[in-house]
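Below is one structure, written out as structure tokens, with a few remarks after it.
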Amino acid sequence: MSFSSLGLSDEIVRAVTEHGYTVPTPIQLQAIPAVLSGGDLLAGAQTGTGKTAGFTLPILQRLSQAATKNPSGGHAPGHYPIRALMLTPTRELAAQVEESVRTYGKYTKLKSMVMFGGVNINPQIQRLRSRVDILVATPGRLLDHVQQKTVDLSHVEILVLDEADRMLDMGFIRDIKRVLALLPRHRQNLLFSATFSDEIKTLADGLLDKPALIEVARRNATAETVAQKVYKVDRERKRELLAHLIKEHNWHQVLVFTRTKHGANKLSEQLTKEGIPALAIHGNKSQAARTRALSEFKTGKLQVLVATDIAARGIDISELPHVVNFELPNVAEDYVHRIGRTGRAGSEGEAVSLVCIDEKKLLEGIERLIKREIPEVMLPGFEPDPSIKAEPIPNGQNRGGQQRSGGRGQPSGNRSGTPSAPRPRGPAGSGAGKPPLHRSGGRGR
Ligand code: AMP
1 MSFSSLGLSD
11 EIVRAVTEHG
21 YTVPTPIQLQ
31 AIPAVLSGGD
41 LLAGAQTGTG
51 KTAGFTLPIL
61 QRLSQAATKN
71 PSGGHAPGHY
81 PIRALMLTPT
91 RELAAQVEES
101 VRTYGKYTKL
111 KSMVMFGGVN
121 INPQIQRLRS
131 RVDILVATPG
141 RLLDHVQQKT
151 VDLSHVEILV
161 LDEADRMLDM
171 GFIRDIKRVL
181 ALLPRHRQNL
191 LFSATFSDEI
201 KTLADGLLDK
211 PALIEVARRN
221 ATAETVAQKV
231 YKVDRERKRE
241 LLAHLIKEHN
251 WHQVLVFTRT
261 KHGANKLSEQ
271 LTKEGIPALA
281 IHGNKSQAAR
291 TRALSEFKTG
301 KLQVLVATDI
311 AARGIDISEL
321 PHVVNFELPN
331 VAEDYVHRIG
341 RTGRAGSEGE
351 AVSLVCIDEK
361 KLLEGIERLI
371 KREIPEVMLP
381 GFEPDPSIKA
391 EPIPNGQNRG
401 GQQRSGGRGQ
411 PSGNRSGTPS
421 APRPRGPAGS
431 GAGKPPLHRS
441 GGRGR
């Protein structure tokens with residue numbers, strides 16, 4: 001199966017082929033025809049499946065076809081309204097999606113723009129004065145523009161909510177609803193989400209009209225294939241153990257996850273002091289700092305990148321030799337996301353978790369989710385002190401109360417306690433597509 005046989009035009013197929021892709025991934029095989037048909041779409045897919053091209057390619061095609069038929073789009077000559085809006089949870093993802101739009105759309109006439117917070121708004125206002133067909137934005141900054149009346153969303157034909165579950169986790173639901181209220185009633189809606197909590201289902205029910213439903217397995221490594229280990233260690237000795245492991249085994253390109261931004265900062269500073277070059281990446285860092293840390297890490301200049309789940313999500317780093325859970329995530333599914341960064345497509349990878357007594361329940365939850373026990377290792381000299389008692393983890397599942405931060409860019413840490421629908425875990429690196437779970441009947445194509 002090729003891109004052209006999916007109904008994509010020569011100009012788009014040419015750009016994709018030049019980019020090095022000739023065979024569509026399972027999500028692309030399903031999403032491209034669905035989007036081209038003009039109907040709504042609900043897609044279960046994670047980063048790594050090729051989902052971005054899955055929606056970008058057919059959107060480019062639909063917009064350029066309509067533009068050919070009616071060059072001024074029915075508007076005043078020279079006035080080009082925003083016709084597609086793609087919302088993403090993080091700046092990194094917004095930047096990556098817009099880069100894909102530019103790459104795949106390079107032989108079309110369509111123009112795109114990326115918009116996110118944490119940078120000066122004025123260049124964005126300036127850019128909005130010229131042609132923007134496709135706008136990729138994070139919700140907060142988009143609403144800043146709405147408030148300043150510098151953006152007009154009244155002609156949007158296609159809306160994409162990318163990583164919708166993350167947007168909800170980050171407290172963006174109200175922002176999303178405010179944006180939806182500004183869009184024309186008749187439009188095509190595409191919702192991509194890695195998980196399907198009740199919250200996502202409610203959002204989808206209100207947003208989508210007889211959507212096509214597709215769901216694919218992760219393309220990257222799954223819990224079954226990554227070599228996983230748990231080091232039992234005391235809370236206060238984790239950093240020491242991590243530094244020991246990195247030095248002892250001469251680990252390079254180590255992605256380390258912490259639960260909080262503060263924890264990420266502290267750990268990266270401490271590792272640096274010990275002679276291990278490390279930087280933290282999270283929502284409070286400037287865009288420039290995040291971009292720099294990421295590029296140094298990718299090129300191998302930076303030995304350790306310390307990240308929070310939210311920051312790591314959406315950034316295209318994978319096939320890493322080492323992923324370390326310095327702290328277990330509060331949401332078990334995040335463990336699967338984290339370790340999916342290593343050992344992709346058959347390459348060797350190891351996921352190590354440093355687990356202290358406070359995290360017993362979190363570990364149990366993870367093992368339940370992945371349906372296996374993770375082998376435990378006790379390193380001589382780092383054996384846990386049995387007299388140390390468990391302490392509550394802020395926002396953790398070992399504490400009764402739940403706390404949603406609701407703030408922009410703040411991870412809530414806890415997913416409202418609602419178990420999400422079980423996700424398929426296909427064979428490693430197989431790319432095996434999964435047939436739709438349930439397809440709603442005729443959508444009047
Ligand atoms: P995504 O899930 O959209 O974040 O994409 C994951 C990675 O797969 C990105 O690095 C894409 O460039 C890459 N990719 C997308 N489509 C294809 C394809 N058809 N063949 C090979 N790689 C692809």
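Quick note, the sequence shown lines up with residues 1 to 445 if you use this note's numbering. Beta carbons: idealized from backbone N, C-alpha and C, even for Gly. Since the structure is predicted, the reported quantities are computational estimates derived from the model, not experimental observations.
Between the Cα of residue i and the Cα atoms of the options, which residue gives the shortest distance?
| i | options | result |
| --- | --- | --- |
| E92 | L85, R372, E163, P375 | E163 |
| P211 | V146, R187, G105 | R187 |
| F455 | L241, V324, L161 | Only positions 1 to 445 of the chain appear in this structure, which leaves residue 455 out of reach. |
| K261 | L245, L354, A307, V216 | A307 |
| L63 | E274, I388, E157 | E157 |
| E296 | P384, Q287, A278 | A278 |
| L302 | K266, A95, A288, G275 | G275 |
| L208 | D10, L294, L159 | L159 |
| R178 | I214, T258, P386, R141 | R141 |
| E18 | Q96, L29, Y107, A66 | Y107 |
| P329 | P394, P386, I281 | P394 |
| T291 | S4, G118, Q61 | G118 |
| T52 | L362, R102, E240 | R102 |
| P375 | R185, E367, G381 | E367 |
| E350 | M86, S9, Q228 | Q228 |
| L168 | R185, P184, K201 | K201 |
| K232 | E248, A264, F382 | F382 |
| A264 | V13, H249, K285 | K285 |
| E236 | P24, C356, R14, K109 | C356 |
By how many angstroms is the C-alpha of residue j removed from the C-alpha of residue i?
| i | j | result |
| --- | --- | --- |
| V352 | G365 | 17 Å |
| D358 | T47 | 30 Å |
| L6 | P26 | 12 Å |
| E11 | Y104 | 9 Å |
| Y335 | E327 | 10 Å |
| R445 | R166 | Legend: pLDDT at R445 = 25, less than 50; position of this residue unreliable, no value from coordinates given. |
| L128 | D152 | 9 Å |
| L255 | A66 | 44 Å |
| L180 | Q147 | 15 Å |
| A45 | I121 | 32 Å |
| S4 | V16 | 10 Å |
| L241 | K371 | 27 Å |
| G206 | L182 | 15 Å |
| E99 | K149 | 26 Å |
| A280 | E269 | 8 Å |
| H79 | K238 | 58 Å |
| L203 | I388 | 44 Å |
| Q253 | A288 | 20 Å |
| L57 | A194 | 20 Å |
| D309 | E248 | 26 Å |
| F257 | V324 | 6 Å |
| R185 | G39 | 14 Å |
| V97 | E199 | 24 Å |
| G417 | S197 | In this prediction, G417 scores a pLDDT of 32, lower than 50, which makes its location untrustworthy; the coordinate-derived value is nonetheless stated afterwards. Cα to Cα, G417 sits roughly 10 Å from S197. |
| A94 | P386 | 46 Å |
| L362 | Q30 | 35 Å |
| A243 | L294 | 21 Å |
| L41 | P24 | 18 Å |
| S130 | V13 | 27 Å |
| L267 | A390 | 21 Å |
| L392 | K360 | According to the sequence provided, residue 392 is Pro. The question's Leu does not apply to it. C-alpha separation (whole angstroms): 11 Å. |
| Q28 | V132 | 25 Å |
| R259 | K273 | 21 Å |
Does the separation of the CB atoms of residue i and residue j fall below 8 Å?
| i | j | result |
| --- | --- | --- |
| V216 | T49 | yes |
| M1 | P89 | no |
| G283 | A311 | yes |
| V304 | L271 | yes |
| A84 | I59 | yes |
| P81 | H145 | no |
| L369 | A332 | yes |
| I214 | A43 | yes |
| T299 | L320 | no |
| V377 | V230 | yes |
| W446 | H322 | Absent from the model: residue 446. The displayed extent of the chain is 1 to 445, so no value can be given. |
| D234 | P123 | no |
| P87 | I176 | Sequence inspection shows Leu at residue 87; the Pro mentioned does not correspond to that position. The answer is yes: Cβ separation under 8 Å. |
| L143 | Q61 | no |
For the ligand ATP, I want to know if residue i counts as a neighbour, meaning its beta carbon is within less than 7 Å of at least one of the ligand's heavy atoms.
| i | result |
| --- | --- |
| A94 | Because the ligand ATP does not appear in the structure shown, any question about it cannot be addressed here, the ligands present being the ligand AMP. |
Item checked: Contact the region 133-140 vs the region 108-125: 3+ CB pairs below 8 Å -> Yes, the region 133-140 is in contact with the region 108-125.
Notebook entry, point to check: Do the region 189-199 and the region 27-41 touch if we need at least three Cβ pairs shorter than 8 Å?
Noted result: Enough Cβ pairs lie closer than 8 Å, so yes.
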